[in-house]
Each structure stands twice: as structure tokens, then as C-alpha cells.
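Residue numbers (the numbering used here): 2 to 116. Each residue gets a CB set at the ideal place from its N, CA and C atoms; glycine is no exception.
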Amino acid sequence: RIDLFVADCLVILGDHFGWPGSLGSGHMDLLDAQRKQMQSGVESQEEKEKVYPKWARDMVMDVKYLVRMKELEDNRALRERDIVPISGLILSCFVRNLKEHQTVLELWDPEKRSD
């Protein structure tokens, strides 16, 4: 699903900016270079926003994050402090659910309740 989301984002960006052809997730540096080129010579922040809107910058950052997350998942030897691999996020959900269930059992144990 991550690959599908990334592909959809790249299609949206390509369509908005009129980029020919399709971009793959390996083109993240190209997206940054494109943004810099589009904003070069533009002085005001307002004009920069018109040329390359905030939603597009945010989308590029999200795609870069997801691509890097997938790379970390595929190569366990890599480590980064600011990106958690997908398996870490899934494990985190299971651990939180386990702790919530343990708390419920501790608080609502019928043997310990005095009616």
C-alpha cells in the first residue's frame, strides 16, 4: 500500500507541475532540484508559494519519508533516529494493545472485585 500511495503522490505532483512521463520513488532528488529551479529568481515568499505550493512541498516530504522508511525496512543494517521502519510501527501497535488489555484485566478481574 505504501508503494501505491507513493505512486499516486508522484502522479499528482507530475500532473500539477506538468512533468512529462512518470516519476519513480528514486526521483526524490529530482523533485528537490525541480523545486529549487522553479523558485529561483522568485523573491517574495508569496510568489514562491504560488510557484511551488506548500501542499506540494509537504507531499514531497511525505513521499521521501515513506521511501526512506521502506528502505530501512528492506535493509535492517541501516539505522536512523528520525525514521521508524514499518515493522517497528506495527510492533508498537501490538505492544500498546497488549498493555491496554493487561490493564483492563488487572482493573476488571472478577476475582479481585468485591461486590
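Quick one: what does DSSP say residue 56 is sitting in, helix, strand or coil?
To locate residue 56, count along the sequence shown from 1; it is residue 55. DSSP places residue 56 in helix when its eight states are reduced to three.
What did DSSP end up calling residue 41 once you bin it into helix, strand or coil?
What you label residue 41 is simply residue 40 of the sequence shown in a count that begins at 1. Three-state DSSP puts residue 41 in coil, outside helix and strand.
Let's see if you can read the secondary structure: which residues bound the alpha helix (DSSP H) around residue 105?
Within the sequence shown, numbered from 1, the residue matching residue 105 stands at position 104. Residue 105 -> alpha helix (DSSP H) spans 87 to 108.
Can you list, in chain order, the residues of its chain with a C-beta nearer than 8 Å to that of residue 6? Leave out the 5 residues immediately preceding and following it.
Taking the sequence shown and counting its residues from 1, one reaches residue 6 at position 5. Around residue 6: 67.
At least 3 beta-carbon pairs within less than 8 Å: the segment 56 to 76 vs the segment 84 to 103
yes
On the CB-based measure, 16 or more other CB atoms within 10 Å of its CB, does residue 96 come out buried or exposed?
Taking the first residue of the sequence shown as position 1, residue 96 is located at position 95. Exposed, by the Cβ-count rule.
Between which two residues does the alpha helix (DSSP H) harbouring residue 78 extend?
By one-based count along the sequence shown, residue 78 stands at place 77. Element bounds for residue 78: n/a, residue is neither H nor E.
Beta-carbon spacing of residue 62, residue 14 below 8 Å:
Sequence index remark: in the sequence shown, residue 62 carries index 61 (1-based). Sequence index remark: in the sequence shown, residue 14 carries index 13 (1-based). Taking 8 Å as the Cβ cut-off, residue 62 and residue 14 do not qualify as a contacting pair.
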